[in-house]
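Read left to right, the sequence shown gives residues 27 to 423 (UniProt numbering). Worksheet for the structure shown next.
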Amino acid sequence: VATFDWKDPLGAQGLYTEEETAIAETAEQYCQEKLLPRVLEAYRKEEYDKRILEEMGELGFLGSSIQGYGCAGVSSVATGLITRAVERVDSGYRSGFSVQSSLAMGGIAEFGSEEQKEKFLPPMAQGKMVGCFGLTEPNHGSDPGSMESVAKPHPSKEGYYSLSGTKTWITNSPIADVLLVWAKLQETGKIRGFLIERSQCPPGTLETPKIGDKNGLRASITGMIQMDEVPVPKEMMFPEVQGLKGPFSCLNNARYGIAWGVIGALEDAISRAREYALERKQFKGNPIAKYQLVQKKLADASTDAAYGIMAAYQVGRLKDEGKHAPEMISMIKRQNCDRALIGARNLQEIFGGNAASDEYHIGRHVSNLFVTQTYEGQSDIHSLILGRAITGIQAFV
Ligand code: TGC
Ligand code: FAD
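Okay, structure coming up:
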C-alpha cells in the first residue's frame, strides 16, 4: 500500500518517461528560480520581459514538440509538463510562451512552406524572433469565420498582397517580429494565413498598440494589430491550408497546452492555501486547516487538479499516437479551465483579508484564470463544440 502524496494524489508521476521527468524538473527549476522572483513586479507594472523567451529558448522549451529546425522534438506530455511549470508561476508567462510555441511556431511548422520554416523556426526556437497569432477581431471573437480582415492583390507591387483590417486582444503583438495573421483572400473569400515581418512593413501600414490596464494576465503583453494596406509577399502566405481548419489546427495545440497549464496554477494555489491554513490560527489557537470547511476546499481543488492532470496526460499520449479528436481537447480545455478558476476562487477565501495583498499570489491566479477560461474558445463555446459532437446538431447560430 502506498502513502498518499497530496502533491501528486493519483500518482501521475509514475506515468512519465525518464526523459519527461527530467524535462519537467528542468522546467520547474527554471520557473521557480528565474520567473517567480520577477512576477510580482511584472504584474504590478504590467511589463513583459522579452528576455524570458530567449531564456526559454536556451532551455529548448520553445516549439519543443516540433521535429527539426532547431526544435527539441519531445513528446506532447513533455510539452504539457513544461507548460504546467510555467503557469505554476503565472498564466501570463504561459500565455507569452504558448503563443510563441504552439500558435506561431506550431502554425508555421504545420502549414508553412519549406522556405518559411527554414527562415522563421530556428530564430523563433531561440526566442530571438518573437511571434504572435492574430485571429480575433473587434467584431468577431467566438465567431472568427466572420472576420473582416482581407488580403487583396497589391495595387502597385507585383507579387504582393495588400492586407487590411484590425485584430484585437493579441498576445505578444506589440513586441512581435513576425505576425501570423489570418485574413480572407479577396479572390476566393477563403481564410488564409499570412506571415507579416514587421521589419519589412513601410511606415504607417502596420501598428500594434498595447492594450493596457488589464484586470488579469498583466505579466503578459497584449495588443492590437492594425493593418492598412500592408504589403506581404505572396510567398509569405501559407501555401495550402484554407478556411478555419488553419487557425483551429494551431488552436488544438495551444488549447491542449492550456489544459496542462491551468492545473499548474491551481496546484500553486493549493500549495499556498495549504501552507497558509496550517500556519494561520483562529479560535483557541487552532490552525484553520483543522476546520472541516477549509479541508473541503482543499479536497475539492486537489481532486480537480489530479483529475485534470490525468485527463491531459491521456490526451497527450493519444495526440502522439495520432488518435486524438479536437473535441477531446475541447473537453480538457473547458473542464480544466473551469475547475482551476472555481478551485482557485474557493481557495482564495482561506487567506482571509490577506488575499487582498498580491504578496500571497492567490488573487493574481484568480484574475488570470478568468482570462484562460475566455481565450482560445470561451468555456460555453467548448460546451457547444461538445454538444455538437454528442448530438450531431450544432447550436452556434
Ligand atoms: P466549423 O464549421 O465548426 O469549422 C469550420 C472548419 O474548420 C474545421 N475545424 C477544425 N479543424 C481542426 N481543428 C479543429 N479544432 C477544428 N474545428 C473546426 C472544420 O472541420 C471545418 O473545416 P472545413 O474544411 O469543413 O471548412 O466552424 P464554425 O465557424 O461553425 O466554428 C464555430 C466554433 C465556435 C467552433 C469556432 O468558431 C470556435 O472555436 N470559436 C472560438 C474562437 C477561438 O478559439 N478563438 C481563439 C483566438 S486565439 C487566442 O485566443 C489565443 S490566446 C493565447 C494565449 O495568450 O495563450
Ligand atoms: P464574444 O465572442 O463576444 O463572446 C462574449 C460571450 O458570449 C462569451 O461568454 C461567449 O461564450 C458568449 N457567446 C458567443 N457566442 C455564443 C453562442 N453562439 N452561444 C452561446 N454563447 C455565446 N485572440 C487571438 O486571436 N490571439 C491572441 O493571442 C489572443 N490573446 C488574448 C489575450 C487576452 C489577455 C485576451 C483577454 C484575449 C485574447 N484573445 C486572443 C482573444 C480571445 O480569443 C477572445 O476574447 C475570445 O475568443 C472570446 O471572444 P470575444 O472576446 O469577442 O467574446
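Here a beta-carbon is modelled for each residue, glycine too, at the ideal position from N, C-alpha and C. Please read these numbers as outputs of a predicted model, since none were measured by experiment.
Item	Value
9 Å Cβ cutoff met for SER124 and GLU46	no
Cut-off 6 Å between Cβ atoms - residues of its own chain near MET263, not counting five sequence neighbours on either side	ARG218, PHE220
LEU270 CB to nearest heavy atom of the ligand TGC below 8 Å	yes
For GLU223, the first and last residue of its enclosing beta strand (DSSP E)	217-223
Beta-carbon separation (whole angstroms), THR234 vs ILE251, contact threshold 8 Å	6 Å
The alpha helix (DSSP H) enclosing GLU293, as first and last residue numbers	271-305
Beta-carbon gap between ILE388 and LEU324 smaller than 9 Å	no
Reduced DSSP category for LEU206 - H, G, I as helix; E, B as strand; rest coil	strand
Distance cut-off 8 Å: CYS363 Cβ against heavy atoms of the ligand FAD	no
DSSP three-state assignment for ASP75, whether helix, strand or coil	coil
Cβ-heavy atom distance, TYR401 to the ligand TGC, below 8 Å	yes
Local conformation of GLY86 per DSSP, three classes	coil
Closer than 8 Å: GLN32 CB and nearest the ligand FAD heavy atom	Correcting the residue identity first, residue 32 is Trp in this sequence and not Gln. Not so, every heavy atom of the ligand FAD lies at least 8 Å from the Cβ.
Candidates ILE358, MET155, SER383, of which the one nearest ARG77 by Cα	MET155
CYS276 beta carbon less than 9 Å from that of GLY133	yes
Neighbourhood of PHE87 by C-beta distance below 6 Å, restricted to the same chain and skipping five residues each side	ILE108
Which of helix, strand or coil DSSP assigns to GLU255	strand
Burial state of GLN361, where buried means 16 or more other Cβ atoms lie within 10 Å	buried
Sufficient close CB pairs (3 or more, under 8 Å) joining the stretch 190-202 to the stretch 114-130	yes
Where SER393 sits in the DSSP three-state scheme	helix
Pairwise C-alpha distance: LYS183 and GLU113	44 Å
Delimiting residues of the alpha helix (DSSP H) encompassing ALA177	No alpha helix (DSSP H) contains ALA177, which is instead part of the beta strand (DSSP E) from 176-179.
Contacting residues, own chain, Cβ-Cβ under 7 Å from PHE396 (five flanking each side not counted)	GLY242, LEU367
Cutoff 8 Å; reference GLU144; Cβ partners in own chain excluding five residues on either side	TYR95
DSSP state of HIS387 mapped onto helix, strand, coil	coil
Element boundaries [alpha helix (DSSP H), containing PHE137]	132-137
Test item: CB-CB of ASN372 and GLY118 under 9 Å	no
Selected residue, minimal CA-CA separation from TYR42, among GLN268, GLY106, TYR401	GLY106
The ligand TGC heavy atom lying under 8 Å from the CB of residue 15	In this structure the chain extends from 27 to 423, so residue 15 is not present and cannot be described.
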